[in-house]
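Here is the structure we will look at.
Numbering (our numbering), first residue to last: 94 to 251.
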């Protein structure tokens, strides 16, 4: 009466492990889909914000150009807003894609007892964490750089 187990380097995927993986895949799928929807909404919000900024800066420029103070410096603000929103959406899209792939491959691996699908699912999970780790390191580096430059600016202005 031995229960069927899949051996993996001395480790096994028993019923409990399989259940946990299946539930994890379900939650991963939900988070990935919500994340992708948020990326789309972010791009749409960026387009709307870009139009609002363009309209506001256009009115600002008209008012100041009548009084002789117009500089034209804010002409590209709308384009800058949409570029920032698209970059942020793209940065966030890829972990969502890797997470969705993880969920799909793990579901396939469990349902079909497919080792290759399990490997692909775990590879995508690794890619998600590697990507998020790299992004985190980059943001921490920018934060430290901003603190250093801000501190240097404060010291120089004193």
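Backbone N, C-alpha and C fix where the C-beta goes; we use that ideal spot for every residue, glycine too.
query: Which class does residue 95 belong to by DSSP, given the choice of helix, strand or coil?
result: Residue placement at residue 95 is flagged as unreliable, the pLDDT there being 43, under the threshold of 50; a coordinate-derived value is accordingly withheld.
field: Alpha carbon of residue 122 to alpha carbon of residue 180, nearest angstrom
entry: 23 Å
- prompt: For residue 94, is the classification buried or exposed, using 16 other Cβ atoms within 10 angstroms of its Cβ as the cut-off for buried?
  reply: Per-residue confidence for residue 94 stands at a pLDDT of 38, beneath the threshold of 50, marking its modelled position as unreliable; no derived number is given.
message: Could you check whether the stretch 197 to 214 touches the stretch 228 to 236, counting it as contact only if at least three pairs of C-beta atoms, one from each stretch, sit closer than 8 Å?
response: no
- prompt: Buried or exposed: residue 175, going by 16 or more other Cβ atoms within 10 Å of its Cβ?
  reply: buried
message: Measuring alpha carbon to alpha carbon, tell me which residue in 241, 190, 218, 221 is nearest residue 126.
response: 190
message: Can you check which of these residues, 119, 105, 178, is closest to residue 140 by C-alpha distance?
response: 178
task: State the Cα-Cα distance for the pair residue 142 and residue 110, rounded to the nearest angstrom.
output: Cα to Cα, the separation comes out at about 46 Å.
task: Taking only the alpha-carbon atoms, compute the straight-line gap between residue 213 and residue 149 and give it to the nearest angstrom.
output: 49 Å
Residue interval of the alpha helix (DSSP H) (run including residue 197): The continuous alpha helix (DSSP H) containing residue 197 extends over residues 170 to 205.
Cβ neighbour criterion (16 or more within 10 Å) applied to residue 195: Label assigned to residue 195: buried.
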